[in-house]
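Residues in the sequence shown are numbered from 11 upward in steps of one, following my numbering. Idealized CB from N, CA, C, for every residue including glycine. Computed from a predicted model, the values in this text were never measured in an experiment.
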Amino acid sequence: MTKYSNKVGLILIFLSVIYSLYSVETFKLFYEDSLLVASYAYNYVSEGQLYDIVNRGPGMALAHGRIHDIIYGNVMVFFENYLYAHRYLSWVISIVTLFVFYKICLRIGYSKVISTFSTLFLSITEHFILSAHIGRTDILAFLFVLTVIYLATFFDKYKLSMLVAGMLSSLAIDIHLSTQYVLLMIMMYELTLKGTSNMFILFFKYRLFILGYLLGLFVVVFNNIHHIEQIKEAYFLLDSAALSVSVTDRLSWLFTFWINYTAYRFIFYPVILLIVIFLYLFKKMNKSEKVSFYIFIGGYIGFLLMGRMNHHYLILFMPFLYPILIQQTVKNNILIALFTIIAATSFIGIQAYSIYKDGSSSIKDYREKVKSAIKIDSSIVVIAPGDLWVVYKKNTFHGYLTESDIFEIKENHKVLFISNEVHAKFLDNGTILGSNTGSHRFNRGFLDGFKSVSEITDKHYGGFGITKNNTITFYVNY
């Protein structure tokens with residue numbers, strides 16, 4: 011029965027991964043953060059600049075690190091003709107991440123069946139599938155964190171694992187600062203599993219880890235020393251978005267942020283946390299459950315101390331609660347089993363709705379329509395919805411949220427302006443769909459001096475994913 015169950019779980023993981031590949035170019039295709047980070051990485055590799063080439067503003071040098079930019083940027087440059095190379099890269103990384111997560115579950119004492127179904131549960135969560143599809147740092151940061159924790163389970167057996175883990179921990183800074191939660195996750199693993207609390211003994215034991223951390227830190231400094239001015243600018247954004255936020259605000263946020271999302275779908279996170287806290291306080295956890303809970307606590311403490319209140323970063327530590335959920339389900343805890351089934355069904359339902367809504371669409375056909383609508387040379391400045399950067403990345407490009415003076419641009423440059431359905435509705439009747447799209451900045455006054463030269467239609471695309479049956483109009487001022 012156990013072997014049969016494990017094989018079923020592995021087959022389901024395989025199917026989940028295949029589905030993730032199938033939906034790379036449909037699920038959450040319009041994701042502004044993904045576009046901004048990917049374009050930033052592309053520009054860093056191709057031009058050597060730390061600059062937001064879509065919104066043309068400062069502040070992103072600390073939103074993601076140079077190692078992330080080098081990896082994603084080089085893949086995008088190498089696969090120049092593939093519009094979404096960054097999304098496929100995230101998908102590939104997600105497969106490795108699932109494997110490492112499975113190995114961690116085994117290392118901390120879960121059976122093969124529990125480890126397999128915990129990995130399956132992770133693979134179907136909206137959070138994970140989203141991270142596996144976008145160009146943000148989440149999936150790469152998660153891989154680094156998991157790899158360090160996996161190596162930590164070998165510290166007593168292989169001393170070299172400490173050196174490598176220390177180096178990876180500090181190198182992860184150059185992916186995203188939130189990866190440093192892993193230091194507290196390892197500390198909780200050490201203090202709770204091994205029971206060592208003497209700081210001198212810990213320092214001596216972890217001397218190779220510290221050496222590795224310092225070596226990695228040297229690489230991080232070397233990667234960034236040439237960009238100190240951009241990093242200074244980015245610090246002020248980081249301070250307002252994360253550092254200046256109080257611990258109590260972060261604590262309350264985890265239990266309330268889901269209210270602001272469609273269908274309250276992220277309520278899963280505070281509920282699973284409350285369930286596990288209840289189990290810890292009032293039920294007897296076995297050793298493996300305690301270890302994964304303590305690792306989670308380390309990550310959560312890291313989030314409370316220095317985390318940004320953004321649901322993306324929960325993926326770094328929340329998955330360590332999943333094996334507890336699965337094991338309690340297998341133990342026939344009826345209420346927890348019911349919650350697990352409801353949660354899994356809702357995650358699958360989200361994907362089913364995505365297939366129903368956009369499964370028949372072709373982003374490649376849409377991009378070809380856009381490219382064939384008007385031919386321009388590299389001297390033309392393009393102002394367009396940010397998602398079209400992938401088509402016009404050889405031109406100077408400004409998204410709707412550009413921080414540049416749009417009137418100065420149109421007065422002093424030859425400009426192609428692209429109006430999508432969301433912008434057209436604003437022009438026609440003043441309707442603002444999606445307050446963060448920036449479409450309302452381009453009123454009829456801005457269009458003075460422009461003429462319409464082409465128009466295309468598309469059912470699925472051309473409206474930031476907000477509208478259907480879209481019309482996209484192309485204007486020029488030359």
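Look up residue i in the DSSP assignment and say whether it is helix, strand or coil.
| i | result |
| --- | --- |
| residue 480 | strand |
| residue 279 | helix |
| residue 304 | helix |
| residue 23 | helix |
| residue 351 | helix |
| residue 390 | coil |
| residue 460 | coil |
| residue 327 | coil |
| residue 465 | strand |
| residue 450 | helix |
| residue 255 | coil |
| residue 344 | helix |
| residue 371 | coil |
| residue 486 | strand |
| residue 445 | coil |
| residue 357 | helix |
| residue 407 | strand |
Chain D beta carbons: is any one of them nearer than 8 Å to that of residue i?
| i | result |
| --- | --- |
| residue 283 | Note that chain D does not occur in the displayed structure, where there is just one protein chain. |
Under the rule that 16 or more other beta-carbon atoms within 10 Å means buried, what is residue i, buried or exposed?
| i | result |
| --- | --- |
| residue 420 | buried |
| residue 366 | exposed |
| residue 303 | buried |
| residue 362 | exposed |
| residue 393 | buried |
| residue 26 | buried |
| residue 350 | buried |
| residue 155 | buried |
| residue 257 | exposed |
Who are the near neighbours of residue i in its chain, counting only those whose CB is closer than 6 Å to its CB and skipping five residues on each side?
| i | result |
| --- | --- |
| residue 79 | 51 and 54 |
| residue 47 | 74, 145 and 146 |
| residue 163 | 117 |
| residue 472 | 430, 431, 480 and 482 |
| residue 183 | 230 |
Here's a check: name, in chain order, each residue in its chain whose Cβ is nearer than 7 Å to the Cβ of residue i, leaving out the five neighbours to either side.
| i | result |
| --- | --- |
| residue 229 | 181 |
| residue 414 | 66 and 408 |
| residue 310 | 327 |
| residue 39 | 373 and 475 |
Assuming residue i contacts residue j under a Cβ cut-off of 8 Å, what Cβ separation, rounded to an integer in Å, is found between them?
| i | j | result |
| --- | --- | --- |
| residue 476 | residue 465 | Their Cβ separation, rounded to whole angstroms, is 19 Å, which puts residue 476 and residue 465 out of contact at 8 Å. |
| residue 110 | residue 157 | 6 Å |
| residue 468 | residue 376 | 5 Å |
| residue 60 | residue 399 | In fact, because the Cβ distance is near 17 Å, the residues do not count as touching under 8 Å. |
| residue 220 | residue 176 | 6 Å |
| residue 383 | residue 131 | With 8 Å as the limit, residue 383 and residue 131 do not qualify as a contact, their Cβ atoms being about 44 Å apart. |
Quick check: the Cα distance between residue i and residue j, rounded to an integer number of angstroms?
| i | j | result |
| --- | --- | --- |
| residue 134 | residue 260 | 26 Å |
| residue 102 | residue 438 | 43 Å |
| residue 418 | residue 425 | 11 Å |
| residue 435 | residue 189 | 42 Å |
| residue 178 | residue 222 | 8 Å |
| residue 334 | residue 84 | 39 Å |
| residue 391 | residue 460 | 13 Å |
| residue 463 | residue 371 | 26 Å |
| residue 161 | residue 487 | 59 Å |
| residue 412 | residue 32 | 32 Å |
| residue 124 | residue 227 | 37 Å |
| residue 422 | residue 323 | 42 Å |
For residue i, which residues of its own chain have a beta-carbon under 8 Å away from its beta-carbon, when the five flanking residues on both sides are left out?
| i | result |
| --- | --- |
| residue 56 | 83 and 87 |
| residue 202 | 300, 301 and 304 |
| residue 30 | 101, 104, 133, 139, 142 and 143 |
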